[in-house]
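Numbering (UniProt numbering), first residue to last: 1 to 491. Report on one structure; see the data block that follows.
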Ligand code: NAD
């Protein structure tokens, strides 16, 4: 058996093991075998990382100009681009996602660092008119402090970057904790932060297989802001921990995003967008377009097109060039997805295509699945599956379509498929979600805000305003006359 790769954490600029020496193995979901050993840190290591981040804030980093921070961000982006292939392979080993998707993500990732490098030099205060002529009033925008960035197993480096790049632009320091299911790429990435000339302690990465240790970081009194992507249940726990410390928090959580298809839509294009939305990445994206809300007149034709394409999807080795769908990322997730399929059958839904595990390939493979005959009460229609499962429901008029689209506590994303330009914008405006695509799906960019309404989260990542969540605004009052005033009155 091949030797396992080993990874170390980054704390205070040093590559370290857990203080206890404990490690855990991370499994390759395609081979079903462990492929790497990573440190299994405990609360004491988290304390050390938070302490290092605090010291770095009070050190060289804290007095660096925005231009110098921007230069660090650009160098980091360049290093990510130079190391894209190795990082992408690491992500594939850990999460089973396709190499062709991960290399695309990694090649684009540098763009986030260069975008936020630009943003760093636009962070400005204001001069505010004073009601009293003896005062000059202005504001400064200062880093919020130490940020805990807690990330999930799907697209670890992309979702980490959505936190790290604005945090560094703002002048914060960071402790990153990747998911226990896919920690390796973030640990490898940490080495680049050092090479980019970012001072020791500004970027720290810890890994743990213990969720209490993760909670210790989220609720740490030395942390000033928590940035999280993951499940709604964990997001709620993190928001409570942050509230206890009166900390800022941004949350990117789950979704049950609607794909609304009108009867005048280009059905071939819609079928393609639906496949991209729910079968790409094996459906393991927060923005998965998992609810198909389709006009009754085109339901059968669209389901036929999607099922035909689903039948041609090539499942297999995520590293192979022609593979289109890899395995589900880990054992618990695989069991969860299969459980949803059993529930759909038990609730009388119709499996129009797929509906089972794909045996014979090794690893955690699930067939791309199209479920029809669902109702608004069906579990598969209401709950986030986080797997390659599409649930379809019909409508007959626009109001009903909008009502169904919004019939969810989530609000992360959605799409409208129609050739009618008036209707396209009208319906996009009425869907309660943070991102709505018209005749498209699953496009993101560093300069476009992304985040959720309702149970899909708090705050926005990406875009100019993402940096605001990493800044505090300070008002400075300057007395100009040099005189004294009555100390017992205000002003
Ligand atoms: P999760 O929310 O349980 O974990 C996400 C991250 O939070 C991980 O790093 C985990 O270690 C950490 N964590 C867990 N409990 C914590 C706590 N109490 N305090 C601080 N950190 C904590 O998600 P998961 O286990 O990776 O996946 C579970 C489900 O979440 C999936 O089935 C899927 O439905 C959903 N999910 C959603 C997204 C998304 O982008 N919206 C991403 C991944 C998973």
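Using N, Cα and C, we set each Cβ at its ideal position, and we do this for glycine too.
Since residue 518 sits in a beta bridge, which residues does DSSP pair it with?
Since the first residue shown for the chain is 1 and the last is 491, residue 518 is missing from the structure and cannot be characterised.
6 Å Cβ shell around residue 472 - same chain, five flanking residues per side excluded
Against the chain shown, residue 472 aligns to sequence position 472. These residues qualify, in order along the chain: 142 and 144.
Selection from 385, 77 and 220 that minimises the alpha carbon distance to residue 240
The sequence position of residue 240 within the chain shown is 240, counting from 1. Here the closest residue by C-alpha is 220.
Status (buried if at least 16 other CB within 10 Å, exposed otherwise) for residue 474
Position 474 of the chain shown holds residue 474. Residue 474 is exposed by the Cβ-count criterion.
Which partner residues of residue 127 appear in the DSSP bridge assignment?
The residue labelled residue 127 in the question sits at position 127 within the chain shown. Per DSSP, 138.
Of the residues 133, 491, 169 and 178, the one placed nearest residue 153, counting alpha carbons only:
Position 153 of the chain shown holds residue 153. Looking at the Cα atoms, 178 is the closest of the given residues.
So residue 448 packs on residue 463, CB below 8 Å; how close in whole Å?
Translated into positions along the chain shown, residue 448 becomes position 448. Translated into positions along the chain shown, residue 463 becomes position 463. That belief holds up - the Cβ atoms of residue 448 and residue 463 are roughly 6 Å apart, short of 8 Å.
Does residue 422 come out as helix, strand or coil in the three-state DSSP assignment?
Here residue 422 refers to the residue found at position 422 of the chain shown. Helix, per DSSP.
Closest to residue 282 by C-alpha separation, out of 440, 371, 247 and 385, would be which residue?
Residue 282 sits at position 282 when you count from the first residue of the chain shown. Nearest neighbour of residue 282 by Cα position, chosen from 440, 371, 247 and 385, turns out to be 385.
Can you have a look at residue 484 and say buried or exposed, based on whether 16 or more other CB atoms are within 10 angstroms of its CB?
Here the question's residue 484 lines up with position 484 in the chain shown. The Cβ neighbour count for residue 484, taken over all protein chains shown within 10 Å, is under 16; the residue is labelled exposed.
Following the continuous beta strand (DSSP E) through residue 185, name the residue where it begins and the one where it ends.
Mapped onto the chain shown, residue 185 falls at position 185. Taken as a continuous stretch (DSSP letters only), residue 185 belongs to no beta strand (DSSP E), being part of the alpha helix (DSSP H) at 184-195.
Identify, in the order they occur along the chain, each residue of the same chain with its Cβ nearer than 6 Å to the Cβ of residue 367, setting aside the five sequence neighbours on each side.
The residue given as residue 367 occupies position 367 in the chain shown. Contacts found: 354, 356 and 358.
Would you call the CB atoms of residue 163 and residue 265 closer than 8 Å?
Counting from 1 along the chain shown, the entry for residue 163 is found at position 163. Counting from 1 along the chain shown, the entry for residue 265 is found at position 265. No.
What are the start and end residues of the beta strand (DSSP E) that includes residue 9?
Working through the chain shown from its first residue, we reach residue 9 at position 9. It spans 9-11 - the beta strand (DSSP E) in which residue 9 sits, taken as one unbroken run.
With a floor of 3 residues, list each beta strand (DSSP E) that falls wholly inside the segment 269-309, ordered by position along the chain.
291-295
Nearest residue (CA-CA) to residue 16, options 170, 489, 191 and 56
Numbered from its first residue, the chain shown carries residue 16 at position 16. Nearest C-alpha to residue 16: 191.
Can you give me the start and stop residues for the beta strand (DSSP E) that residue 112 sits inside?
Position 112 of the chain shown, counted from the first residue, corresponds to residue 112. No beta strand (DSSP E) holds residue 112; the alpha helix (DSSP H) holding it covers 99-120.
Residue burial classification, residue 132 (beta-carbon count within 10 angstroms, cutoff 16):
As a first step, residue 132 is located in the chain shown; it is residue number 132 there, counting from the start. Result: exposed.
Between which residues of its own chain and residue 324 is the CB-CB distance below 6 Å, once the five residues before and five after are set aside?
For the purposes of this step, residue 324 is taken as residue 324 along the chain shown, with counting starting at 1. Taken in chain order, the residues that qualify are 313 and 314.
How would you call residue 490, buried or exposed, if buried means at least 16 neighbouring beta carbons within 10 angstroms?
Along the chain shown, one-based indexing puts residue 490 at 490. Looking at its Cβ environment, which holds fewer than 16 other Cβ atoms inside 10 Å, residue 490 is exposed.
In terms of DSSP beta bridges, what is residue 437 paired with?
Taking the first residue of the chain shown as position 1, residue 437 is located at position 437. Its beta-bridge partners are 415.
With three or more beta-carbon pairs closer than 8 Å as the criterion, would you say the segment 341-352 touches the segment 372-387?
yes
Contact test: residue 162 Cβ vs ligand 1 heavy atom, cutoff 7 Å:
Numbered from 1 along the chain shown, position 162 holds the residue referred to as residue 162. No.
Using C-beta distances below 7 Å, list every residue in its chain close to residue 407, excluding the 5 sequence neighbours before and after it, in chain order.
Here residue 407 refers to the residue found at position 407 when the chain shown is read from its first residue. Correct list, in chain order: 376.
Give the secondary structure of residue 236 by DSSP, where H, G and I count as helix, E and B as strand, and everything else as coil.
Your numbering for residue 236 matches position 236 in the chain shown. Residue state, collapsed to three classes: helix.
Return the CA-CA distance between residue 378 and residue 409, expressed in angstroms with no decimal places.
To locate residue 378, count along the chain shown from 1; it is residue 378. To locate residue 409, count along the chain shown from 1; it is residue 409. Approximately 15 Å between the Cα atoms of the pair.
Given this structure, state the Cα-to-Cα distance separating residue 125 from residue 58, to the nearest angstrom.
Residue mapping note: residue 125 aligns to position 125 of the chain shown, counting from 1. Residue mapping note: residue 58 aligns to position 58 of the chain shown, counting from 1. Straight-line Cα distance between these residues: approximately 21 Å.
Where do the ends of the beta strand (DSSP E) carrying residue 33 lie?
One-based indexing of the chain shown puts residue 33 at position 33. 33-39 is the span of the beta strand (DSSP E), which, as asked, contains residue 33.
Proximity test, residue 382 beta-carbon vs ligand 1 heavy atom, cut-off 7 Å:
In the chain shown, residue 382 corresponds to position 382, counting from 1. No, the beta carbon of residue 382 sits no closer than 7 Å to any heavy atom of ligand 1.
Roughly how many angstroms lie between the CA atoms of residue 478 and residue 488, to the nearest whole one?
Here residue 478 refers to the residue found at position 478 when the chain shown is read from its first residue. Here residue 488 refers to the residue found at position 488 when the chain shown is read from its first residue. Rounded to whole angstroms, residue 478 to residue 488 spans 19 Å at the Cα level.
Nearest-angstrom Cβ-Cβ length linking residue 416 and residue 390, presumed shorter than 8 Å:
The sequence position of residue 416 within the chain shown is 416, counting from 1. The sequence position of residue 390 within the chain shown is 390, counting from 1. By a beta-carbon distance limit of 8 Å, residue 416 does not contact residue 390. Their separation comes to about 17 Å.
Those runs of the alpha helix (DSSP H) which lie wholly inside the segment 71-102 and span at least 4 residues
Whole alpha helix (DSSP H) segments, 4+ residues: 84-95.
Keeping to the same chain, check which residues put their C-beta closer than 7 Å to that of residue 197; ignore five residues upstream and five downstream.
Reading the chain shown from its first residue, position 197 is the one you call residue 197. Sequence-distant Cβ neighbours of residue 197 in its own chain, meaning closer than 7 Å and more than five residues away, are 72 and 75.
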